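Accompanying notes for the structure given below.
Numbering (the working numbering), first residue to last: 132 to 363.
What follows is the structure, encoded as C-alpha coordinates:
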(Lines of atoms letter the chains of each structure in order from A and count residues from 1; the text may use other names and numbers.)
(Lines give C-alpha, C1' and ligand atoms only; values in the text may rest on other atoms or scores of the structure.)
Protein backbone atom coordinates (compact mmCIF):
# COMPACT_ATOMS: atom_id res chain seq x y z
CA UNK A 1 0.00 0.00 0.00
CA UNK A 2 1.27 3.47 -0.92
CA UNK A 3 -0.29 6.52 0.72
CA UNK A 4 0.18 9.64 -1.40
CA UNK A 5 0.71 12.75 0.72
CA UNK A 6 0.75 16.52 0.37
CA UNK A 7 2.15 18.84 3.06
CA UNK A 8 1.15 22.49 3.53
CA UNK A 9 3.05 24.70 6.00
CA UNK A 10 4.30 28.26 5.69
CA UNK A 11 7.23 27.50 8.03
CA UNK A 12 10.34 25.90 6.61
CA UNK A 13 11.44 23.61 9.45
CA UNK A 14 8.11 21.84 10.09
CA UNK A 15 7.79 21.25 6.35
CA UNK A 16 11.29 19.78 6.21
CA UNK A 17 10.48 17.56 9.20
CA UNK A 18 7.41 16.17 7.39
CA UNK A 19 9.47 15.49 4.27
CA UNK A 20 12.06 13.63 6.36
CA UNK A 21 9.50 11.59 8.30
CA UNK A 22 7.72 10.63 5.08
CA UNK A 23 10.99 9.52 3.48
CA UNK A 24 11.59 7.26 6.50
CA UNK A 25 8.13 5.66 6.24
CA UNK A 26 7.98 3.03 3.45
CA UNK A 27 4.22 3.28 2.84
CA UNK A 28 4.29 7.06 2.26
CA UNK A 29 4.99 9.04 -0.90
CA UNK A 30 5.26 12.81 -0.57
CA UNK A 31 3.98 14.00 -3.95
CA UNK A 32 3.90 17.76 -3.28
CA UNK A 33 4.75 20.35 -0.63
CA UNK A 34 3.55 23.94 -0.33
CA UNK A 35 4.62 26.92 1.75
CA UNK A 36 1.88 29.07 0.18
CA UNK A 37 -1.62 27.90 1.25
CA UNK A 38 -3.27 29.60 -1.75
CA UNK A 39 -1.16 27.55 -4.17
CA UNK A 40 -1.96 24.46 -2.13
CA UNK A 41 -5.67 25.21 -2.41
CA UNK A 42 -5.44 25.45 -6.21
CA UNK A 43 -3.60 22.13 -6.38
CA UNK A 44 -6.02 20.32 -4.06
CA UNK A 45 -9.00 21.52 -6.08
CA UNK A 46 -7.70 19.51 -9.05
CA UNK A 47 -5.84 16.63 -7.40
CA UNK A 48 -6.76 14.07 -4.75
CA UNK A 49 -3.88 12.78 -2.64
CA UNK A 50 -4.77 10.24 0.03
CA UNK A 51 -3.50 12.34 2.92
CA UNK A 52 -2.90 16.07 3.49
CA UNK A 53 -0.76 17.46 6.31
CA UNK A 54 -2.17 20.91 7.00
CA UNK A 55 -0.74 23.65 9.18
CA UNK A 56 -3.57 25.58 10.78
CA UNK A 57 -2.29 29.11 11.24
CA UNK A 58 -1.12 30.44 7.87
CA UNK A 59 -1.46 33.76 6.01
CA UNK A 60 -4.40 34.47 3.67
CA UNK A 61 -6.26 31.21 4.42
CA UNK A 62 -5.83 28.89 7.38
CA UNK A 63 -5.79 25.10 7.35
CA UNK A 64 -9.29 24.76 8.80
CA UNK A 65 -10.75 26.74 5.89
CA UNK A 66 -8.80 24.68 3.36
CA UNK A 67 -10.09 21.45 4.94
CA UNK A 68 -13.69 22.70 4.63
CA UNK A 69 -13.29 23.40 0.91
CA UNK A 70 -11.44 20.36 -0.41
CA UNK A 71 -12.84 16.92 -1.22
CA UNK A 72 -13.73 14.77 1.77
CA UNK A 73 -12.02 11.88 0.00
CA UNK A 74 -8.73 13.24 1.35
CA UNK A 75 -7.69 12.43 4.91
CA UNK A 76 -6.54 15.46 6.90
CA UNK A 77 -3.86 15.56 9.60
CA UNK A 78 -3.51 19.03 11.13
CA UNK A 79 -0.10 20.23 12.29
CA UNK A 80 0.11 23.28 14.53
CA UNK A 81 1.81 24.78 17.58
CA UNK A 82 -1.54 25.92 18.97
CA UNK A 83 -3.54 23.34 20.91
CA UNK A 84 -6.68 25.46 21.01
CA UNK A 85 -7.41 24.59 17.36
CA UNK A 86 -7.90 20.89 18.15
CA UNK A 87 -11.69 21.11 18.48
CA UNK A 88 -11.99 22.97 15.17
CA UNK A 89 -9.83 20.29 13.57
CA UNK A 90 -12.04 17.43 14.67
CA UNK A 91 -15.16 19.39 13.69
CA UNK A 92 -14.03 19.04 10.07
CA UNK A 93 -13.45 15.30 10.64
CA UNK A 94 -9.67 15.47 10.69
CA UNK A 95 -7.97 12.10 11.01
CA UNK A 96 -5.49 13.38 13.60
CA UNK A 97 -4.00 16.51 15.13
CA UNK A 98 -0.23 16.79 15.59
CA UNK A 99 0.95 19.41 18.06
CA UNK A 100 4.31 20.90 17.08
CA UNK A 101 7.01 19.95 17.67
CA UNK A 102 5.95 16.33 17.20
CA UNK A 103 8.39 13.43 17.06
CA UNK A 104 8.58 10.50 14.67
CA UNK A 105 6.65 8.18 17.00
CA UNK A 106 3.71 10.57 17.18
CA UNK A 107 3.87 11.04 13.40
CA UNK A 108 3.87 7.25 12.93
CA UNK A 109 0.79 6.94 15.13
CA UNK A 110 -1.11 9.28 12.77
CA UNK A 111 0.08 7.32 9.74
CA UNK A 112 -1.11 4.06 11.31
CA UNK A 113 -4.59 5.60 11.63
CA UNK A 114 -4.47 6.53 7.94
CA UNK A 115 -3.33 3.06 6.95
CA UNK A 116 -6.11 1.36 8.93
CA UNK A 117 -8.74 3.69 7.48
CA UNK A 118 -7.64 3.00 3.90
CA UNK A 119 -7.61 -0.76 4.50
CA UNK A 120 -11.10 -0.64 6.00
CA UNK A 121 -12.48 1.45 3.11
CA UNK A 122 -10.93 -0.88 0.53
CA UNK A 123 -12.41 -3.91 2.29
CA UNK A 124 -15.85 -2.32 2.24
CA UNK A 125 -15.52 -1.42 -1.43
CA UNK A 126 -14.46 -4.96 -2.25
CA UNK A 127 -17.45 -6.43 -0.44
CA UNK A 128 -19.81 -3.96 -2.11
CA UNK A 129 -18.48 -4.76 -5.55
CA UNK A 130 -18.94 -8.49 -4.91
CA UNK A 131 -22.54 -8.00 -3.84
CA UNK A 132 -23.63 -5.53 -6.53
CA UNK A 133 -25.28 -6.71 -9.71
CA UNK A 134 -27.18 -5.44 -12.73
CA UNK A 135 -30.17 -7.03 -14.45
CA UNK A 136 -30.35 -7.22 -18.23
CA UNK A 137 -32.84 -8.83 -20.59
CA UNK A 138 -31.61 -11.24 -23.25
CA UNK A 139 -34.21 -12.91 -25.50
CA UNK A 140 -37.06 -12.16 -23.06
CA UNK A 141 -35.16 -13.58 -20.07
CA UNK A 142 -33.95 -11.41 -17.17
CA UNK A 143 -30.35 -12.17 -16.28
CA UNK A 144 -28.51 -11.05 -13.15
CA UNK A 145 -24.84 -10.20 -13.71
CA UNK A 146 -22.55 -9.52 -10.76
CA UNK A 147 -20.55 -6.33 -11.21
CA UNK A 148 -17.35 -8.02 -10.03
CA UNK A 149 -17.60 -10.49 -12.97
CA UNK A 150 -17.68 -7.84 -15.71
CA UNK A 151 -14.45 -7.47 -17.69
CA UNK A 152 -15.57 -4.88 -20.25
CA UNK A 153 -18.60 -3.85 -22.30
CA UNK A 154 -18.53 -3.38 -26.07
CA UNK A 155 -21.04 -1.36 -28.05
CA UNK A 156 -22.57 -2.70 -31.28
CA UNK A 157 -25.12 -0.16 -32.57
CA UNK A 158 -28.34 -0.92 -30.63
CA UNK A 159 -26.79 -3.89 -28.85
CA UNK A 160 -24.02 -4.26 -26.28
CA UNK A 161 -21.66 -7.15 -25.63
CA UNK A 162 -21.14 -7.58 -21.89
CA UNK A 163 -17.96 -9.63 -21.52
CA UNK A 164 -17.72 -11.38 -18.15
CA UNK A 165 -15.28 -13.87 -16.66
CA UNK A 166 -17.54 -16.78 -17.66
CA UNK A 167 -19.41 -15.79 -20.82
CA UNK A 168 -20.56 -12.94 -23.05
CA UNK A 169 -24.12 -11.52 -23.02
CA UNK A 170 -25.80 -9.62 -25.84
CA UNK A 171 -28.69 -7.48 -24.53
CA UNK A 172 -30.60 -5.17 -26.85
CA UNK A 173 -29.26 -2.02 -25.13
CA UNK A 174 -26.92 0.63 -26.46
CA UNK A 175 -23.84 1.64 -24.45
CA UNK A 176 -25.50 4.75 -23.06
CA UNK A 177 -28.33 2.71 -21.57
CA UNK A 178 -25.97 0.09 -20.15
CA UNK A 179 -23.81 2.80 -18.59
CA UNK A 180 -26.86 4.29 -16.86
CA UNK A 181 -27.52 1.08 -14.86
CA UNK A 182 -23.93 0.50 -13.78
CA UNK A 183 -22.76 1.52 -10.26
CA UNK A 184 -21.59 5.14 -10.26
CA UNK A 185 -17.83 5.79 -10.09
CA UNK A 186 -16.89 2.14 -10.73
CA UNK A 187 -17.09 2.15 -14.52
CA UNK A 188 -15.68 4.51 -17.10
CA UNK A 189 -16.33 5.00 -20.80
CA UNK A 190 -12.96 4.95 -22.56
CA UNK A 191 -14.15 4.99 -26.17
CA UNK A 192 -17.37 5.41 -28.14
CA UNK A 193 -17.44 1.60 -28.28
CA UNK A 194 -16.14 0.56 -24.84
CA UNK A 195 -17.00 0.81 -21.14
CA UNK A 196 -14.64 -0.74 -18.60
CA UNK A 197 -14.72 -1.36 -14.83
CA UNK A 198 -12.03 0.74 -13.17
CA UNK A 199 -11.22 -2.05 -10.69
CA UNK A 200 -10.30 -4.47 -13.52
CA UNK A 201 -7.70 -2.18 -15.15
CA UNK A 202 -4.12 -3.34 -14.52
CA UNK A 203 -2.21 -0.97 -16.86
CA UNK A 204 -3.14 2.13 -18.83
CA UNK A 205 -1.86 4.97 -20.98
CA UNK A 206 -3.73 7.75 -22.76
CA UNK A 207 -4.10 5.40 -25.76
CA UNK A 208 -5.06 2.02 -24.25
CA UNK A 209 -6.02 0.10 -21.10
CA UNK A 210 -5.18 -3.49 -20.21
CA UNK A 211 -7.70 -5.84 -18.59
CA UNK A 212 -6.52 -9.43 -18.08
CA UNK A 213 -4.14 -9.25 -21.07
CA UNK A 214 -6.86 -7.70 -23.24
CA UNK A 215 -5.86 -4.35 -24.75
CA UNK A 216 -8.68 -1.89 -25.39
CA UNK A 217 -8.31 1.47 -27.17
CA UNK A 218 -8.87 4.82 -25.47
CA UNK A 219 -10.69 7.29 -27.73
CA UNK A 220 -8.98 10.61 -28.36
CA UNK A 221 -11.94 12.62 -27.07
CA UNK A 222 -12.06 10.54 -23.86
CA UNK A 223 -8.31 10.47 -23.15
CA UNK A 224 -7.90 13.53 -20.91
CA UNK A 225 -10.85 12.74 -18.66
CA UNK A 226 -9.85 9.06 -18.38
CA UNK A 227 -6.29 9.92 -17.31
CA UNK A 228 -7.62 12.25 -14.62
CA UNK A 229 -10.00 9.60 -13.29
CA UNK A 230 -7.51 6.76 -13.26
CA UNK A 231 -4.74 8.82 -11.63
CA UNK A 232 -6.94 10.20 -8.85
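Every residue, glycine too, gets a C-beta built ideally from N, C-alpha and C.
Being a predicted model, the structure only gives us computed values, none of them experimental.
Given residue i as reference, the closest of the options once Cα atoms are compared
{"i": "residue 300", "options": "314, 283, 311", "result": "283"}
{"i": "residue 273", "options": "253, 302, 142", "result": "302"}
{"i": "residue 210", "options": "281, 180, 193, 181", "result": "193"}
{"i": "residue 331", "options": "278, 186, 165, 199", "result": "278"}
{"i": "residue 180", "options": "147, 149, 205", "result": "205"}
{"i": "residue 334", "options": "345, 325, 326", "result": "345"}
{"i": "residue 238", "options": "359, 184, 249", "result": "184"}
{"i": "residue 342", "options": "295, 352, 305, 323", "result": "295"}
{"i": "residue 143", "options": "232, 293, 228", "result": "232"}
{"i": "residue 186", "options": "156, 240, 148", "result": "148"}
Simplified DSSP assignment, three categories, for residue i
{"i": "residue 239", "result": "helix"}
{"i": "residue 154", "result": "helix"}
{"i": "residue 341", "result": "strand"}
{"i": "residue 168", "result": "helix"}
{"i": "residue 291", "result": "strand"}
{"i": "residue 319", "result": "strand"}
{"i": "residue 206", "result": "strand"}
{"i": "residue 286", "result": "strand"}
{"i": "residue 146", "result": "helix"}
{"i": "residue 310", "result": "helix"}
{"i": "residue 280", "result": "helix"}
{"i": "residue 361", "result": "helix"}
{"i": "residue 329", "result": "helix"}
{"i": "residue 353", "result": "coil"}
{"i": "residue 175", "result": "helix"}
Exposure of residue i, with buried meaning 16 or more beta-carbon neighbours within 10 Å
{"i": "residue 145", "result": "buried"}
{"i": "residue 189", "result": "buried"}
{"i": "residue 287", "result": "exposed"}
{"i": "residue 153", "result": "buried"}
{"i": "residue 212", "result": "exposed"}
{"i": "residue 321", "result": "buried"}
{"i": "residue 168", "result": "buried"}
{"i": "residue 269", "result": "exposed"}
{"i": "residue 291", "result": "buried"}
{"i": "residue 304", "result": "buried"}
{"i": "residue 271", "result": "exposed"}
{"i": "residue 235", "result": "exposed"}
Cross-strand partners of residue i (DSSP beta bridge)
{"i": "residue 273", "result": "268"}
{"i": "residue 136", "result": "161, 182"}
{"i": "residue 299", "result": "294"}
{"i": "residue 347", "result": "340"}
{"i": "residue 335", "result": "340"}
> Using 8 Å as the threshold, is the region 132 to 145 in touch with the region 153 to 164, meaning 3 or more CB pairs across them?
Replying inline: A contact exists between the region 132 to 145 and the region 153 to 164.
> Are three or more beta carbon pairs between the region 265 to 281 and the region 311 to 320 nearer than 8 Å?
Replying inline: Using a Cβ-Cβ distance cut-off of 8 Å, the region 265 to 281 and the region 311 to 320 are in contact, since at least three pairs of beta carbons, one from each stretch, lie closer than that value.
> Are the region 171 to 180 and the region 223 to 230 touching, with three or more C-beta to C-beta distances below 8 Å?
Replying inline: Too few Cβ pairs lie closer than 8 Å, so no.
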